[in-house]
Amino acid sequence: MAAAQSWIDRVTRVLSSSLSEINPFRGEEPYIAVDIGSSTIKLLEVRGKAGEVVAQAMAVVPTPSTAIQNNMVVEVDQVAALIREACSHHGFRAKKAITAVPGPAVIIKRISLPAQSEKELEATILVEAGNFIPEDLENVNLDYQITDYLDEGRRMDVVLVAAKKDIVGSYSETLQVAGLQPIVVDVDYFALENMFELSYEAPPDRAVALVNIGARFSAINILKNGRSTFTGDVPVGGRDITESLMRDLGISFEDAEALKAGQAADPELMEHASGVLEAAGAAVMDEIHHALSFFWTAATDETIDHIYLSGGGARMPGLAEQLAERVGAPVEVANPFVHLSLGEHVDRQAALQRAPEFGVAVGLATRRPNDK
Numbered sequence: 018m019a020a021a022q023s024w025i026d027r028v029t030r031v032l033s034s035s036l037s038e039i040n041p042f043r044g045e046e047p048y049i050a051v052d053i054g055s056s057t058i059k060l061l062e063v064r065g066k067a068g069e070v071v072a073q074a075m076a077v078v079p080t081p082s083t084a085i086q087n088n089m090v091v092e093v094d095q096v097a098a099l100i101r102e103a104c105s106h107h108g109f110r111a112k113k114a115i116t117a118v119p120g121p122a123v124i125i126k127r128i129s130l131p132a133q134s135e136k137e138l139e140a141t142i143l144v145e146a147g148n149f150i151p152e153d154l155e156n157v158n159l160d161y162q163i164t165d166y167l168d169e170g171r172r173m174d175v176v177l178v179a180a181k182k183d184i185v186g187s188y189s190e191t192l193q194v195a196g197l198q199p200i201v202v203d204v205d206y207f208a209l210e211n212m213f214e215l216s217y218e219a220p221p222d223r224a225v226a227l228v229n230i231g232a233r234f235s236a237i238n239i240l241k242n243g244r245s246t247f248t249g250d251v252p253v254g255g256r257d258i259t260e261s262l263m264r265d266l267g268i269s270f271e272d273a274e275a276l277k278a279g280q281a282a283d284p285e286l287m288e289h290a291s292g293v294l295e296a297a298g299a300a301v302m303d304e305i306h307h308a309l310s311f312f313w314t315a316a317t318d319e320t321i322d323h324i325y326l327s328g329g330g331a332r333m334p335g336l337a338e339q340l341a342e343r344v345g346a347p348v349e350v351a352n353p354f355v356h357l358s359l360g361e362h363v364d365r366q367a368a369l370q371r372a373p374e375f376g377v378a379v380g381l382a383t384r385r386p387n388d389k
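Numbering (this note's numbering), first residue to last: 18 to 389.
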């Protein structure tokens, strides 16, 4: 048991707590949420004051194309310099930071166990981890969370998460080199869940899918009765659409990105590209639809009742409608800022335009040390 306890002492927090159990924006020192994506880095500083939640500072900067490899930050100094410069330029004041590793970097296992004390559960978690983690436990960070009690309290559902220490370490080191103090490392799946709980009301007895369309992959978290029941990812994202536009239209990366966001400077190009744009978006939505069908409807006869899109790819006009046609359920682009006020130093137009990109960052901003 002593050996088991020593393992737990080295656990890194990688799970979000339920917002129903915490006040996410207490009147305490602020934190910077740092979402390091393969395409962009999103930074957000949120403070609670006088009965409202205020986004005091925010920034989006491009991620160097070779900075993230195999879910790890491999160009720590370059990424750290960008974060440090963005914090200085956009008026960030906090020094404590919260970040997330991408879903594909972690192993998630949902298990059902007999109800037991926390001390007993810690030992059980180590046994379970040894059964399904294809790594020496010395090389991973472990975390777990009890999600439900069943059978009149005689059984418990537990989510167990494992992340390689070198991957978690690359994100923490990046923040440290940037002059910040990393205090929580989360997982993007669960940050999305916290964003949703902060911004929307989970319908009872309904399944809701959160789909974060990143550059290279899309993260999916399916909630039932406000609880995460499935997480996974699809190896498609906004970069697939960008590359299709570049290839089929012979245009630059910058022009393709503008087209994707519906902001092309040349109206003739926009009109000429409409068919290619729709086909490229359809290909990505097909993959996400197939994933949702495989992940959810293959395991249950229930349907997904509502889908919320976030991430940079969600800003592309028409994607929500394309996915809605395929799944036969309402699809909307999430607004993570729906319950946040924007501070006087935040560019309101830019913030609202880029709001879907901040789904993970807003979820991270709700985290606090020792949340469980």
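Glycine is no exception: its CB is placed at the ideal position from the N, C-alpha and C atoms.
**Prompt:** Are the region 46-66 and the region 106-122 touching by the rule of at least three beta carbon pairs closer than 8 Å?
**Reply:** Short answer: they touch.
**Message:** What does DSSP give as the partner residue(s) for ASN238 in the beta ladder?
**Reply:** LEU227, THR248
**Prompt:** DSSP state of THR141, grouped into three classes?
**Reply:** helix
**Message:** Buried or exposed, going by whether 16 or more other CB atoms sit within 10 Å of the CB of PRO284?
**Reply:** Its Cβ having fewer than 16 others within 10 Å, PRO284 is exposed.
**Prompt:** If GLY120 and ASP174 are in contact, beta carbons under 8 Å, what's the gap, nearest whole angstrom?
**Reply:** At roughly 20 Å, the Cβ-Cβ gap does not stay under 8 Å, so GLY120 and ASP174 are not in contact.
**Message:** Buried or exposed for PRO221, going by 16 or more other Cβ atoms inside 10 Å?
**Reply:** exposed
**HIS306 - DSSP class collapsed to helix/strand/coil** = helix
**Prompt:** Could you give the distance in angstroms between the alpha-carbon of HIS356 and the alpha-carbon of MET212?
**Reply:** 10 Å
**Item:** Straight-line gap, ALA236 to ASP153 (C-alpha atoms, nearest Å)
**Value:** One Cα belongs to ALA236, the other to ASP153, and the distance between them is close to 26 Å.
**Request:** Determine which residues share a DSSP beta bridge with GLY65 and list them.
**Result:** In DSSP, GLY65 forms a bridge with VAL70.
**Request:** Return the chain-ordered list of same chain residues with a C-beta closer than 6 Å to the C-beta of LYS126, the five sequence neighbours on each side being excluded.
**Result:** PHE149, LEU177
**Message:** To the nearest angstrom, how far is the alpha carbon of TYR188 from that of GLY170?
**Reply:** 38 Å
**8 Å Cβ shell around GLU38 - same chain, five flanking residues per side excluded** = With a pLDDT of 41 at GLU38, under the threshold of 50, the modelled position of this residue cannot be trusted; read the value that follows with caution. Same-chain partners within the cutoff: there are none.
**Request:** Compute the Euclidean distance between the alpha carbons of LEU381 and ASP203, then round it to the nearest angstrom.
**Result:** 7 Å
**Item:** Length of the line joining the Cα atoms of ALA122 and VAL228
**Value:** 17 Å
**Message:** Short of 7 Å in beta carbon distance, which residues of its chain neighbour MET18, apart from the five on each side in sequence? Order them along the chain.
**Reply:** Residue confidence for MET18 is low, a pLDDT of 35 falling below 50, so the modelled location carries little weight; the figure read from the coordinates is stated next. Result list for MET18: ALA140, in chain order.
**Request:** Please go through the region 121-182 and give each complete beta strand (DSSP E) segment of 3 or more residues, from N-terminal end onward.
**Result:** 123-131, 157-167, 172-181
**Member of SER291, PHE234, SER105, GLY249 whose CA lies at the smallest distance from the CA of ALA226** = GLY249
**Request:** With VAL201 as the anchor, note down where its beta strand (DSSP E) starts and where it stops.
**Result:** 198-204
**Message:** Below 8 Å, how does it come out for the region 48-65 and the region 157-168: are there three or more Cβ pairs, yes or no?
**Reply:** no
**Asked** Mind checking whether ILE239 and ILE305 have CB atoms under 9 Å apart?
**Response** no
**Asked** Over what stretch of residues does the alpha helix (DSSP H) that includes ALA50 continue unbroken?
**Response** Taken as a continuous stretch (DSSP letters only), ALA50 belongs to no alpha helix (DSSP H), being part of the beta strand (DSSP E) at 48-53.
**Asked** Between which two residues does the beta strand (DSSP E) containing GLU349 stretch?
**Response** 348-350
**Asked** How would you call ASP183, buried or exposed, if buried means at least 16 neighbouring beta carbons within 10 angstroms?
**Response** exposed
**Request:** Indicate the three-state DSSP secondary structure (helix, strand or coil) for ASN40 in the structure shown.
**Result:** Low per-residue confidence applies at ASN40: pLDDT is 44, beneath 50, and the placement is therefore not dependable, though the value from the model is reported in the following sentence. DSSP, read as helix, strand or coil, puts ASN40 in coil.
**Request:** Could you tell me which of GLU155, ALA180, LEU138, MET75 sits nearest to VAL118, measuring between CA atoms?
**Result:** ALA180
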